[in-house]
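Comments concern the structure below.
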Amino acid sequence: MNKTRASILTLALAGALATAPAWAQNVKVAYLVGITGPIAGMAPTMVQSMKFAAEQVNAQGGIGNGGKIDPQVYDSGCNPQLATDAATKAVNVNGVIGMVGPSCSGPVIAVANSVTVPAGVLLITSSGTSPKISTLDDKDLVFRTVASDDYQGRALARTLKARGTDKVAVTYLNNDYGLGLAEAFSDEFKKLGGTVTASRAHEDKKASYRSDLAELAKGGADTLVVFAYGNSSGLTIVRQALENGFFKNFVGADGMRDENMIKTLGAENLKTFLVSAPAGATGAGFEKFSKDFKAAGGDPNGTFAATSYDAAFLMALAIEKAGGDKAKLSQALREVATAPGEPILPGEWTKAKQLIAEGKDIDYKGAAGDHEFDANGDVPGDYILYKVSGNTFAEIERMK
Amino acid sequence: MLEFINFYIIPGIVIGAIYALGAIGITLIFGILRFGHFAHGDLATTGAYLALGVTTLIGLTPWLSLPVAMILTALLAYGIHRLFYRHLEARPKILTVMASLGIGMMLRSVVQVAWGVDPLAYGSGIARAQSFAGLMLRPREIATLALTLALVATLLAFLRYSKWGKAMRAMSDNPDLARLCGVDNDRVTRLTWFIVGALAAASGFCLGINTELTTMMGWSAMLSMFAAAVLGGVGRVEGAVVGGLVIGLAEELSVLLVPSPYKSATAFVILLAILLLRPQGIFKGKVL
Numbered sequence: 001m002n003k004t005r006a007s008i009l010t011l012a013l014a015g016a017l018a019t020a021p022a023w024a025q026n027v028k029v030a031y032l033v034g035i036t037g038p039i040a041g042m043a044p045t046m047v048q049s050m051k052f053a054a055e056q057v058n059a060q061g062g063i064g065n066g067g068k069i070d071p072q073v074y075d076s077g078c079n080p081q082l083a084t085d086a087a088t089k090a091v092n093v094n095g096v097i098g099m100v101g102p103s104c105s106g107p108v109i110a111v112a113n114s115v116t117v118p119a120g121v122l123l124i125t126s127s128g129t130s131p132k133i134s135t136l137d138d139k140d141l142v143f144r145t146v147a148s149d150d151y152q153g154r155a156l157a158r159t160l161k162a163r164g165t166d167k168v169a170v171t172y173l174n175n176d177y178g179l180g181l182a183e184a185f186s187d188e189f190k191k192l193g194g195t196v197t198a199s200r201a202h203e204d205k206k207a208s209y210r211s212d213l214a215e216l217a218k219g220g221a222d223t224l225v226v227f228a229y230g231n232s233s234g235l236t237i238v239r240q241a242l243e244n245g246f247f248k249n250f251v252g253a254d255g256m257r258d259e260n261m262i263k264t265l266g267a268e269n270l271k272t273f274l275v276s277a278p279a280g281a282t283g284a285g286f287e288k289f290s291k292d293f294k295a296a297g298g299d300p301n302g303t304f305a306a307t308s309y310d311a312a313f314l315m316a317l318a319i320e321k322a323g324g325d326k327a328k329l330s331q332a333l334r335e336v337a338t339a340p341g342e343p344i345l346p347g348e349w350t351k352a353k354q355l356i357a358e359g360k361d362i363d364y365k366g367a368a369g370d371h372e373f374d375a376n377g378d379v380p381g382d383y384i385l386y387k388v389s390g391n392t393f394a395e396i397e398r399m400k
Numbered sequence: 401m402l403e404f405i406n407f408y409i410i411p412g413i414v415i416g417a418i419y420a421l422g423a424i425g426i427t428l429i430f431g432i433l434r435f436g437h438f439a440h441g442d443l444a445t446t447g448a449y450l451a452l453g454v455t456t457l458i459g460l461t462p463w464l465s466l467p468v469a470m471i472l473t474a475l476l477a478y479g480i481h482r483l484f485y486r487h488l489e490a491r492p493k494i495l496t497v498m499a500s501l502g503i504g505m506m507l508r509s510v511v512q513v514a515w516g517v518d519p520l521a522y523g524s525g526i527a528r529a530q531s532f533a534g535l536m537l538r539p540r541e542i543a544t545l546a547l548t549l550a551l552v553a554t555l556l557a558f559l560r561y562s563k564w565g566k567a568m569r570a571m572s573d574n575p576d577l578a579r580l581c582g583v584d585n586d587r588v589t590r591l592t593w594f595i596v597g598a599l600a601a602a603s604g605f606c607l608g609i610n611t612e613l614t615t616m617m618g619w620s621a622m623l624s625m626f627a628a629a630v631l632g633g634v635g636r637v638e639g640a641v642v643g644g645l646v647i648g649l650a651e652e653l654s655v656l657l658v659p660s661p662y663k664s665a666t667a668f669v670i671l672l673a674i675l676l677l678r679p680q681g682i683f684k685g686k687v688l
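Just so you know, the sequences run in chain order A and B. For the first sequence, position 277 matches number 277 in this note's numbering, and the numbering has no gaps at all. Convert by adding 400 to the 1-based position in the second sequence; the result is the number in this note's numbering.
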């Protein structure tokens, strides 16, 4: 027993020595992604693009003086419990100094509260969109490269109002996604002088929503705003509302932008159906990322591919800027990501490294946007309003 | 008043009829084979997707493909019994119950592999309701109710008047006594699985044609079906029908009183209340 304890102690000491802040050392970063669970389909591309960022950094001179980024991939399961376990292992056992991820909103909140913020570890999520992440008491350690749903809900409210809709009923799926959107939307819509006649949560996967719809329709609105998923309750709700004539117009957010809706309900029935969705990334940053990532065998248009790349690349830039000092990471992140400064495009690591070494300010213009973080560590979103045209969705206007 | 009937009562009755078809299967297995069959929801899902398969492969209309799907699902149910449950017959019933949970997952996964996880439909487009003196009904809802009525009437007549129906009831009352009187328990079990499979397919199909086909639909509906079976009295077919209608109506009407995320909880509350206050159910079934 004593012998084992001694050897463990020796090992721990050796470990402490090995990870002591010697600046030529490798830097451990956790990539916490929902490899299993509900977003398992998107995870491979997200991991691939994060690793791609690390490869570019390591191929172009690495970190500091001969160090490398050492990416460690963990599974968050898109589940707060699993994510917290994995994050604890990453931070407290393996000693990562920064974390990219976790993937879903619930895990982001759980991991930030119980692991990364207490340990002073910087967290950048590339796919947690809940407005609740903005209001975390995070000591400026939680950032995201994807816009909060708050922006989408408000943009949708402004756009609808500008298009002449004054009275709506809102139904939303009873989870963080639906609730966050519904709160932001209703708040903005009322501020602009619109009327929300009813706002009701609904449960997923029921066979009938007609009584829900009857309650919603009582206020006399002819527009129904649905914050749900178009491959689940959203589809059933729109179908039953159309069949029974409860509402004339339907509006949804990105969860409702599902071509399956058109396939099952028929385009001719969805002429009054509008959805908002984040605009695909454009501009020089995305083009550069797109070209490089395609050459490396990735799909740059994959869901959250660009935001995941940016999160991993920004993490590397911040580590370089902070000189590997965990305590300076979040300040460094703000400096490298926001204007003013020499613009850096995705993959321009050599240039960035040199400028940082010369003590010059840089401004990362990423694949998914400019990433000018606000006080909450959020980035503004860019959304487009779509209508149904033929068997797909066609752009109507960019939303403000 | 008309609005109340159209948007609360009619949907409640339609969904109740669908629950009833599922609950009859559950109650028959409970009564005759004496275990809770947790693969029942997924058996219904499989039946619904088989009907879709028949529609796309052979090109029959959905309603014509239903009988084919019912026969296929009946064979499937019997096959599951032969392959799995039969080997557990002599062991404690809880093993069969647990096995049925696993069978349910297997069925669901096979459906997901074959048809994918996106929702599907028997046909594209929507069906607007026709008005019958103010009552808004869709053809598919009338057909669902008619099908339920026809199946229930046939089943009740079969159980009451035919030789094999009497054998089923005898085995439900007391399997040992039935065997002593010359009832072939194996054949009764086989017959039960055929009937249960066919009814499960019908309930899955009706659920699918009234909404969409999703791979989780049977699993999600099963709680309500179990509640219906227990409410009506375990082993009682007419009880399952009444139970299904009560649960369906209660779920739709609950929206008037509690927030709609509690819709499913309504079935739960009724199930608990029945188990506490009247464990034998409305029609005096077996006490669990």
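By construction, the Cβ of each residue, glycine as well, lies at the ideal position given by its N, Cα and C atoms. Note that this is a predicted model, so its numbers are computed, not measured.
* Throw me the rounded Cβ distance for the residue 427 of chain B and residue 476 of chain B pair, which I believe falls under 8 Å. => In the second sequence, counting from the first residue as 1, residue 427 of chain B sits at position 27. In the second sequence, counting from the first residue as 1, residue 476 of chain B sits at position 76. Their Cβ separation, rounded to whole angstroms, is 20 Å, which puts residue 427 of chain B and residue 476 of chain B out of contact at 8 Å.
* Cβ of residue 153 of chain A versus every heavy atom of the ligand HEM: is any distance shorter than 7 Å? -> As far as ligands go, the structure on display features none, and thus does not contain the ligand HEM.
* Contacting positions in the region 194-209 of chain A - beta carbon closer than 9 Å to chain B -> 200, 201, 202, 203, 204, 205, 206, 207, 208, 209
* To do: Taking C-beta pairs closer than 8 Å, name the residues in chain A that residue 621 of chain B reaches, listed in chain order.
  => In the second sequence, counting from the first residue as 1, residue 621 of chain B sits at position 221. Near residue 621 of chain B (Cβ distances below 8 Å), the residues of chain A are 207.
* To do: Flag residue 458 of chain A as yes if its beta-carbon sits less than 8 Å from any beta-carbon of chain B, otherwise no.
  => In the structure as shown, chain A starts at 1 and stops at 400, and residue 458 of chain A therefore has no counterpart that could be examined.
* the region 534-545 of chain B: positions lying closer than 8 Å to chain A by Cβ -> Cβ contacts with chain A: 536, 538.
* To do: Go to residue 493 of chain B, then tell me how far its alpha helix (DSSP H) extends in each direction, as first and last residue.
  => Here residue 493 of chain B refers to the residue found at position 93 of the second sequence. Taken as a continuous stretch (DSSP letters only), the alpha helix (DSSP H) holding residue 493 of chain B covers 493-515.
* Classify residue 22 of chain A as buried or exposed, calling it buried when 16 or more other Cβ atoms lie within 10 Å of its own Cβ. => On the first sequence, residue 22 of chain A is found 22 positions in, with the first residue counted as 1. Note that residue 22 of chain A scores 44 on pLDDT, short of 50, meaning its location in the model is unreliable; the coordinates nonetheless yield the value given after this. Here residue 22 of chain A is exposed: its Cβ has fewer than 16 other Cβ atoms, across all protein chains shown, within 10 Å.
* What residue does the alpha helix (DSSP H) around residue 585 of chain B start on, and which one ends it? -> Here the question's residue 585 of chain B lines up with position 185 in the second sequence. Residues 585-610.
* **Three-state class that DSSP yields for residue 467 of chain B in the structure shown** => Within the second sequence, numbered from 1, the residue matching residue 467 of chain B stands at position 67. Reduced to three states, the DSSP call for residue 467 of chain B is helix.
* Rounded separation between residue 285 of chain A and residue 367 of chain A - CA only -> Numbered from its first residue, the first sequence carries residue 285 of chain A at position 285. Numbered from its first residue, the first sequence carries residue 367 of chain A at position 367. Between residue 285 of chain A and residue 367 of chain A, the C-alpha separation is close to 5 Å.
* Asked: Does any CB atom of chain A fall closer than 8 Å to the CB of residue 669 of chain B?
  -> Residue numbering aside, residue 669 of chain B sits at position 269 when the second sequence is read from its first letter. False, the Cβ-Cβ gap to chain A never drops below 8 Å.
* Asked: According to DSSP, is residue 21 of chain A helix, strand or coil?
  -> Looking up residue 21 of chain A in the first sequence gives position 21. Its pLDDT being 44, under 50, residue 21 of chain A is placed unreliably in this model, and the coordinates cannot settle the point.
* residue 640 of chain B vs residue 666 of chain B beta-carbon contact at 8 Å -> The residue labelled residue 640 of chain B in the question sits at position 240 within the second sequence. The residue labelled residue 666 of chain B in the question sits at position 266 within the second sequence. A distance of 8 Å or more separates the beta carbons of residue 640 of chain B and residue 666 of chain B.
* **Rounded C-alpha distance that separates residue 412 of chain B from residue 256 of chain A** => Against the second sequence, residue 412 of chain B aligns to sequence position 12. Against the first sequence, residue 256 of chain A aligns to sequence position 256. Cα to Cα, the separation comes out at about 27 Å.
* To do: Note down, in chain order, every chain B residue with its Cβ under 9 Å from the Cβ of residue 269 of chain A.
  => Along the first sequence, read from residue 1 onward, the residue named residue 269 of chain A stands at position 269. Within chain B, the residues near residue 269 of chain A are 525, 526.
* Looking at C-beta atoms only, is the number of pairs between the region 201-215 of chain A and the region 598-606 of chain B that lie closer than 8 Å three or more? -> no
* **Any alpha helix (DSSP H) of 4 or more consecutive residues that is wholly inside the region 408-463 of chain B** => Unbroken alpha helix (DSSP H) runs of no fewer than 4 residues, entirely contained in the region 408-463 of chain B, are found at 410-428, 440-458, following chain order.
* I think residue 338 of chain A touches residue 313 of chain A, with their Cβ atoms under 8 Å apart; what is that distance to the nearest whole Å? -> Residue 338 of chain A sits at position 338 when you count from the first residue of the first sequence. Residue 313 of chain A sits at position 313 when you count from the first residue of the first sequence. No, residue 338 of chain A and residue 313 of chain A are not in contact; Cβ-Cβ is about 15 Å, not under 8 Å.
* Answer with yes or no whether the minimum CB distance from residue 531 of chain B to chain A is below 8 Å. => Here residue 531 of chain B refers to the residue found at position 131 of the second sequence. Answer no: the Cβ-Cβ gap between residue 531 of chain B and chain A never drops below 8 Å.
* **Where the beta strand (DSSP E) through residue 30 of chain A begins and ends** => For this step, residue 30 of chain A is matched to residue 30 along the first sequence. Where residue 30 of chain A is concerned, the enclosing beta strand (DSSP E) stretches over 27-33.
* **Close beta carbons around residue 296 of chain A, own chain, < 7 Å, minus the five adjacent residues each side** => Taking the first sequence and counting its residues from 1, the one referred to as residue 296 of chain A is at position 296. Closer than 7 Å at the Cβ level, and outside the excluded window around residue 296 of chain A, lie 52.
* Asked: Quick one, which of A/398, A/32, A/39, A/45 has its alpha-carbon nearest residue 299 of chain A's?
  -> Counted from its first residue, the first sequence places residue 299 of chain A at position 299. Residue 299 of chain A has its Cα closest to that of A/45, out of A/398, A/32, A/39, A/45.
* Since residue 252 of chain A is in the alpha helix (DSSP H), which residue starts that stretch and which ends it? -> For this step, residue 252 of chain A is matched to residue 252 along the first sequence. Premise fails: residue 252 of chain A lies in the beta strand (DSSP E), 249-252, not in any alpha helix (DSSP H).
* To do: With DSSP as the reference, label residue 400 of chain A as helix, strand or coil.
  => Within the first sequence, numbered from 1, the residue matching residue 400 of chain A stands at position 400. Correct three-state label for residue 400 of chain A: coil.
* Just checking my contact of residue 153 of chain A with residue 112 of chain A at CB under 8 Å: how many whole Å lie between their CB atoms? -> Counted from its first residue, the first sequence places residue 153 of chain A at position 153. Counted from its first residue, the first sequence places residue 112 of chain A at position 112. That pair is no contact at about 22 Å.
* Three-state secondary structure (DSSP) at residue 686 of chain B? -> Stepping through the second sequence from its first residue, residue 686 of chain B is reached at position 286. Residue 686 of chain B: strand per DSSP, three-state reduction.
* **Alpha carbon of residue 497 of chain B to alpha carbon of residue 683 of chain B, nearest angstrom** => What you label residue 497 of chain B is simply residue 97 of the second sequence in a count that begins at 1. What you label residue 683 of chain B is simply residue 283 of the second sequence in a count that begins at 1. If you take the alpha carbons of residue 497 of chain B and residue 683 of chain B, they lie about 24 Å apart.
* Could you give the distance in angstroms between the alpha-carbon of residue 576 of chain B and the alpha-carbon of residue 589 of chain B? -> Against the second sequence, residue 576 of chain B aligns to sequence position 176. Against the second sequence, residue 589 of chain B aligns to sequence position 189. Looking at the two C-alpha atoms, the distance is approximately 14 Å.
* Is there a Cβ from chain B that is less than 8 Å from the Cβ of residue 249 of chain A? -> In the first sequence, residue 249 of chain A corresponds to position 249, counting from 1. Answer no: the Cβ-Cβ gap between residue 249 of chain A and chain B never drops below 8 Å.
* Beta-bridge pairing of residue 364 of chain A - partner residues as DSSP gives them -> For the purposes of this step, residue 364 of chain A is taken as residue 364 along the first sequence, with counting starting at 1. Residue pairing by DSSP puts residue 364 of chain A in a beta bridge opposite A/344.
* To do: Pull up the distance between the alpha-carbon of residue 62 of chain A and that of residue 69 of chain A, whole angstroms please.
  => One-based indexing of the first sequence puts residue 62 of chain A at position 62. One-based indexing of the first sequence puts residue 69 of chain A at position 69. Put simply, the backbone Cα of residue 62 of chain A is about 7 Å away from that of residue 69 of chain A.
* Is it right to say residue 401 of chain B is buried, meaning 16 or more other beta carbons lie within 10 angstroms of its own, or is it exposed? -> If you number the second sequence from 1, residue 401 of chain B lands on position 1. That one is exposed.
* Asked: Going by the CB atoms, is the gap between residue 594 of chain B and residue 504 of chain B shorter than 8 Å?
  -> Position 104 of the second sequence, counting from 1, holds the residue named residue 504 of chain B. Position 194 of the second sequence, counting from 1, holds the residue named residue 594 of chain B. Their beta carbons are not under 8 Å apart, which means residue 504 of chain B does not touch residue 594 of chain B by this criterion.
* Proximity below 8 Å, CB of residue 406 of chain B to CB of residue 535 of chain B -> Locating residue 406 of chain B in the second sequence gives position 6, where the first residue counts as 1. Locating residue 535 of chain B in the second sequence gives position 135, where the first residue counts as 1. Going by C-beta atoms, residue 406 of chain B is nearer than 8 Å to residue 535 of chain B.
* To do: For residue 581 of chain B, count neighbouring Cβ atoms within 10 angstroms of its own Cβ and tell me buried if that reaches 16, exposed if not.
  => Counting from 1 along the second sequence, the entry for residue 581 of chain B is found at position 181. Answer is exposed; the Cβ neighbour count stays below 16.
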